[in-house]
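Visitor: Would you mind keeping the following structure in view while I ask a few things?
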Amino acid sequence: MTQQNDHQLAAMWAHELLKNSNFCILDTETTGLGSTDEIVQIAILSNLGYPLFNSLVKPTCPIGARATDIHGIDDEDVENAPTFSQLLVPILQAVGNKDLVIYNAEYDLKLIRQSLRPYGIHLAFPTSDRRQCRVFLNGGSIHCAMLQYSAWCGEWNDYHGNYRWQKLPGGDHSALGDCKATLSVMRRMAASYQEGA
541 MTQQNDHQLA
551 AMWAHELLKN
561 SNFCILDTET
571 TGLGSTDEIV
581 QIAILSNLGY
591 PLFNSLVKPT
601 CPIGARATDI
611 HGIDDEDVEN
621 APTFSQLLVP
631 ILQAVGNKDL
641 VIYNAEYDLK
651 LIRQSLRPYG
661 IHLAFPTSDR
671 RQCRVFLNGG
681 SIHCAMLQYS
691 AWCGEWNDYH
701 GNYRWQKLPG
711 GDHSALGDCK
721 ATLSVMRRMA
731 ASYQEGA
């Protein structure tokens, strides 16, 4: 594969998802980056750009100062918020049988698992294959927008043997704002798609 082919394939991925329109976008904000950190905010955006779900989440651990510096959410903000286990059913209802697009899917899926662990709920999302990041959920599949966008940008990383991961352009470090930024990136990628190229 060449970088030009990968760019075109990533553009086609965005074009096809937007054309078929049976997807939604999920994003989270968290207490930190570690193996015991949890979600403090989650949002789901429709393919048309309107919120399907948006909530603060009360974690079982404190929010780290570095995380608060990034997203602005502190322990006081989530004190009376529902727990992640209380939100699981409404989240799954919002996703339904749609494809789920996540910017850095591996990270968000890991944090979903970690946020459910204190309640004895175990979900098996495969995340070891960074190139794939796909699982079927109620008939839909999970797509990693970051991996597609990184291929679209085409900055090769010799050390890792794949494309350099790109930061989400236009994100504001709120779950809903980052969902909107992901949709914007997808639209930009799709606009570059050339059928038959």
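For the sequence shown, the numbering used here begins at 541 and goes up steadily by one. Heads up, the beta-carbon is just placed ideally off N, CA and C, and yes, glycines get one too.
Over the uninterrupted alpha helix (DSSP H) stretch that includes E556, give me the two end residues.
Guide: Segment Q543 to N560, the alpha helix (DSSP H) holding E556.
Visitor: How about N637 and G604: do their beta carbons lie closer than 8 Å?
Guide: No.
Visitor: Cα-Cα, which of L573, Q626, Y590 and H611 is closest to E646?
Guide: Among L573, Q626, Y590 and H611, the Cα nearest to that of E646 belongs to L573.
Visitor: Which same chain residues end up closer than 7 Å to S668 when comparing Cβ atoms and leaving out the 5 residues on each side of it in sequence?
Guide: Unreliable placement is indicated for S668, whose pLDDT of 43 sits below 50; the coordinate value is still reported in the next sentence. Same-chain partners within the cutoff: there are none.
Visitor: Only counting the same chain, and skipping five residues up and downstream in sequence, which positions put a Cβ closer than 7 Å to that of T568?
Guide: Correct list, in chain order: I579, Q581, I582, D648, L651 and A715.
Visitor: Excluding the 5 residues flanking S561 on each side, which residues of the same chain have their C-beta closer than 7 Å to its C-beta?
Guide: So the list reads N587, once near-sequence residues are dropped.
Visitor: Quick check on L573: does DSSP put it in helix, strand or coil?
Guide: Coil at L573, not helix or strand.
Visitor: Just grab the DSSP bridge partners of Q581 for me.
Guide: Beta-bridge pairing links Q581 to E569 and L596.
Visitor: Looking at A634 and S595, is the spacing between their C-beta atoms short of 8 Å?
Guide: No. Outside cutoff.
Visitor: Name, in chain order, the residues that DSSP records as bridge partners for L640.
Guide: According to DSSP, L640 bridges with C564 and I682.
Visitor: Find the nearest neighbour of K720 within the set A551, C564 and L628, judged by alpha-carbon distance.
Guide: Checking every option, the nearest Cα to that of K720 belongs to C564.
Visitor: Against chain D, does S714 count as a neighbour if the rule is that its beta carbon must be under 8 Å from one of theirs?
Guide: The question asks about chain D, but that chain is absent: this structure has only one protein chain.
Visitor: Where does T576 land, buried or exposed, given buried means 16+ other C-beta within 10 angstroms?
Guide: Classification for T576: exposed.
Visitor: Check each candidate in V629, T570 and Q706 and name the one with the smallest Cα separation from I610.
Guide: Checked all of V629, T570 and Q706; the closest Cα to I610 is T570.
Visitor: Following the continuous alpha helix (DSSP H) through L628, name the residue where it begins and the one where it ends.
Guide: Per DSSP, L628 belongs to the alpha helix (DSSP H) from F624 to V635.
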